[in-house]
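Asks:
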Amino acid sequence: MGQKSVAAAVLNELTAAGTKTVFGIPGSAISPMFDALLDRPDLRLIVARHETMAVFMAMGAYYATGAPGLVLTTAGPGLTNALTGVASALAEGVPLVVVAGEVAKSVFGRGVAQDGSAGLGDTVALGRYVTKFAAQMGIAGSARHVARKALAAAMSARCGPSLLTLPLDVGCGMDNNCELGGKEGAHFVIDEMACRRAAAALSAAKNPLLFLGGGARDARSRRALRRLAEHVSSPVMVTPKGKGVFPEDHPLYLGVFGIGGHERAMAFLQGGSPDVVLVAGASLNDVSTNAWSPLLQATDFHIHVDVDGAHVGRNYRTDIGLLGPIDEVVSCVLNFAHPVVRDSRARGSEGEPARIAAGEGGPMSAREVMAVIGHHVPDETVFVCDIGGYFIPAINVLRIKDQGEFIICLGTGSMGSGIGVAIGHQLASPGRRVLCITGDGGFLMYGNELVTAVKHGVSLTVCVMNDGCYGMCKRGHENVYGRSPDLSTQTVDFSRIAEAMGAVGHVVHTPEELRKALTPPVGRPTVIDIRFDAELDVGSSQRDVALRQFMARAE
């Protein structure tokens, strides 16, 4: 085996799990890694316009392929810019490794530009707050081994991000070719006795409920949970992040519970508390539980399936906690569960209207926009929703069937996240229709990343909900305080910005214009600037209610 640079050896380790696309932004400190990419023609390099967007694109590629993400940034602001995305990856449980360049060890602490060593800034320590593993590859002989440890940490147990820094002189050095045998990772032992108890409880339940979160998004977990629901005839609800985990045209589906949730899901709980609840892949935070509604608490057995034991029993009394990969645990429960046929009451009411009639002659509401979008794109569409007031109508109105997906990064609620995730997903799955729903605020933050999509011929549809202000914050202030600061923005024609970047642009005001603009893009992205009246959807959100509760306690 020929000798290679440390950077090349690290790159080989970090792509060993099947990663085929590397995202990032160049700089002098990370240049050894970018140089190593030239000797790897099997890897695709996507140069982003902002480091946070590079991380979100890597997250989108993971959602499409299941391979861990890899992001390269330079030192100083290159790394600090990436941290918002890294924090989101931790909250969403997405495995990726960020490699940040660092100045040469010989100048640590001497005031050189972008020094992030322990003597000035200590970016590794900063990264430990938002990663599963953070370290500096400070010794050439062990750099490759540290990289393997970082990848294993990112992919083990509840997945998440790792951070590595690579000093310039170490990265340019030569790897010692030390052979490293064995494999590092976490291994779960499924508790069959606990699975038997859970199966018995579900089989004997009179009014059961499966409550599924975004942690069950992978295909194996979705299949296993569908089999379990059908086997024991249990109604199913999902969290907002879990939207799409269970097909919404299935007779057992009740809807979303939590922010943006459905009335029939609430009606089911108000009709009588479930005696057995099985939660899978949900942290049961305030957004997913309507600020910890007691209606979700099982009267007899509360069962929680998760890879992260910290989620179990944190917010609800839990009788049986089952740790391990959701597909494996649920399959074990299925082995012991008796088939059950229940009456129609247990199945919930008939489905909510799948269509909302669009108004004629007046401005569209956000709900009407979502209805038009949902009915004029294929069932297998991947919807990536950004953060803003429009995500509540999107969660409530869009119907995700078995072939489709719905992705939203609610963990940190980062505006603009949907743009990066959508670009990364479309890059990694060019044969699928990916549609991003963002707002004018989110696009003004990170819409420049559209240039990246244009450069690589990404056939992405971006729907910009344009109401000329930070609408969710404005209405929240008005609902809670009775007044609001001026949170408006000047009216921006996003179609012209799109065209200036080389994309296709449309401005639409009516359902018919929107339907025409939704024609699938070919070879370059399409941006649809949707003018809508946010006041038509005004209502007090769950977040407003929670804020009022905290204000009342403060008094």
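Quick note on the working numbering: the sequence shown kicks off at 1 and runs consecutively.
Beta carbons: idealized from backbone N, C-alpha and C, even for Gly.
1) Using a Cβ-Cβ cutoff of less than 6 Å, which residues in the same chain neighbour Pro339 once the five nearest sequence positions on both sides are dropped?
2) Under 7 Å Cβ to Cβ from Val372, same chain only, skipping five residues before and after it: list those, please.
3) Among Gly173, Phe257, Thr491 and Val279, which residue has its Cα nearest to the Cα of Leu269?
4) Below 7 Å CB to CB, which residues in the same chain sit around Cys473 once its five sequence neighbours on both sides are set aside?
5) For Gln114, count neighbouring C-beta atoms within 10 Å of its own C-beta (all shown protein chains included) and say buried if the count is 16 or more, exposed if not.
6) If you reduce the DSSP assignment to three classes, tell me which class Thr519 lands in.
7) By DSSP, does Val340 sit in helix, in strand, or in coil?
8) Please look up how many angstroms separate the CB atoms of Gly214 and Gly281, rounded, as I've assumed it's under 8 Å.
9) Whose C-beta lies closer than 6 Å to the C-beta of Glu380 among residues of the same chain, with five residues either side of it excluded?
10) List the DSSP bridge partners of Arg44.
11) Quick one: give me the first and last residue of the alpha helix (DSSP H) that Gln426 is part of.
12) Please list, in chain order, all residues of the same chain as Phe188 whose beta carbon is under 6 Å from its beta carbon, the five residues on each side excluded.
13) Starting from Ala503 and walking both ways along the alpha helix (DSSP H), at which residues does that stretch end?
14) Going by beta carbon distance, what residues of the same chain come within less than 7 Å of Ala153, once the five residues before and after it are set aside?
15) Return the chain-ordered list of same chain residues with a C-beta closer than 7 Å to the C-beta of Tyr470, the five sequence neighbours on each side being excluded.
16) What is the DSSP secondary structure of Cys463, counted as helix, strand or coil?
17) Which full runs of the beta strand (DSSP E) of 3+ residues lie inside the stretch 205-255, going along the chain?
18) To the nearest angstrom, report how far apart Glu13 and Ala186 are at their CA atoms.
19) For Ala201, I'd like the list of residues in its chain whose CB is within less than 6 Å of its CB, leaving aside the five on either flank, ordered along the chain.
20) Judging by CA-CA distance, which residue of Ile46, Asp191, Arg399 and Ser106 is the nearest neighbour of Leu322?
21) Classify Asp327 as buried or exposed, calling it buried when 16 or more other Cβ atoms lie within 10 Å of its own Cβ.
22) Tell me which residue opens and which closes the beta strand (DSSP E) that Asp35 is part of.
23) Counting along the chain, where does the alpha helix (DSSP H) carrying Phe301 start and finish?
24) Can you look up Met53 in the DSSP assignment and give me helix, strand or coil?
25) Along the chain, where does the alpha helix (DSSP H) containing Ser162 start, and where does it finish?
26) Just to confirm my understanding: we take Ala428, look at its own chain, exclude 5 residues before and 5 after, and list those with CB closer than 6 Å. What are they?
27) Enumerated in chain order, which unbroken segments of the alpha helix (DSSP H) with a length of 4 residues or greater are wholly contained in the stretch 63-129?
28) Specify the secondary structure class of Gln297 as computed by DSSP and reduced to three states.
29) Using a Cβ-Cβ cutoff of less than 7 Å, which residues in the same chain neighbour Ala199 once the five nearest sequence positions on both sides are dropped?
30) Can you tell me which residues form a DSSP beta bridge with Ile407?
31) What is the residue span of the beta strand (DSSP E) that Arg399 lies within?
32) Could you pull the start and end residues of the alpha helix (DSSP H) that Phe268 belongs to?
33) Rounded C-beta distance between Val98 and Val55? I'm assuming under 8 Å.
Replies: Taking the structure as given:
1) If we look at Pro339 and ignore the five residues flanking it on each side, its Cβ neighbours are His231.
2) Excluding the 5 residues flanking it on each side, Val372 has same chain C-beta neighbours closer than 7 Å at Ala358, Pro511, Leu514 and Arg515, in chain order.
3) Among Gly173, Phe257, Thr491 and Val279, the Cα nearest to that of Leu269 belongs to Phe257.
4) These residues qualify, in order along the chain: Leu487.
5) The residue is buried, with at least 16 neighbouring Cβ atoms inside 10 Å.
6) Coil, per DSSP.
7) Reduced to three states, the DSSP call for Val340 is coil.
8) Rounded, the Cβ-Cβ distance is 6 Å, consistent with contact.
9) Exclusion of the five residues before and after Glu380 leaves Gln403 and Gly404 as the residues of its chain whose Cβ lies within less than 6 Å of its Cβ.
10) DSSP output for Arg44 lists Thr21 as bridge partner(s).
11) First-last of the alpha helix (DSSP H) with Gln426: Ser417 to Ala428.
12) Non-local C-beta neighbours of Phe188 in its own chain, meaning closer than 6 Å and more than five positions away in sequence, comprise Gly324, ordered along the chain.
13) Per DSSP, Ala503 lies in no alpha helix (DSSP H) and is assigned neither H nor E.
14) So the list reads Lys132, Phe133 and Ser162, once near-sequence residues are dropped.
15) Taken in chain order, the residues that qualify are Gly441 and Leu487.
16) The answer is strand: DSSP assigns Cys463 an E or B state.
17) DSSP runs (the beta strand (DSSP E)) wholly in the stretch 205-255: 208-212 and 236-238.
18) Straight-line Cα distance between these residues: approximately 18 Å.
19) Answer for Ala201: Val276 and Phe301, listed in chain order.
20) Residue Asp191 is the option with its Cα nearest to Leu322.
21) Asp327 should be labelled buried.
22) Following the DSSP letters along the chain, one finds Asp35 in no beta strand (DSSP E) but inside the alpha helix (DSSP H) bounded by residues Ser31 to Leu37.
23) First-last for Phe301: Phe301 to Asp306, but that is the beta strand (DSSP E), not the alpha helix (DSSP H).
24) Met53: helix per DSSP, three-state reduction.
25) For Ser162, there is no enclosing alpha helix (DSSP H); the enclosing beta strand (DSSP E) covers residues Pro161 to Pro167.
26) Ala61, Ala64 and Thr65.
27) Taking only runs of at least 4 residues, the alpha helix (DSSP H) segments lying wholly in the stretch 63-129 are 77-92 and 123-127.
28) In the structure shown, Gln297 sits in coil (DSSP, three-state: anything other than H, G, I, E or B).
29) Shown here for Ala199: same chain residues with a beta carbon closer than 7 Å to its own, the five before and five after excluded, namely Val333, Phe336 and Ala337 in chain order.
30) DSSP, once it has assigned bridges, lists Val384 as partnering Ile407.
31) According to the DSSP assignment, Arg399 belongs to no beta strand (DSSP E), since it is labelled neither H nor E.
32) Start and end: Glu263 to Gln270.
33) Contact between Val98 and Val55 holds: CB atoms are separated by about 7 Å, below the 8 Å threshold.
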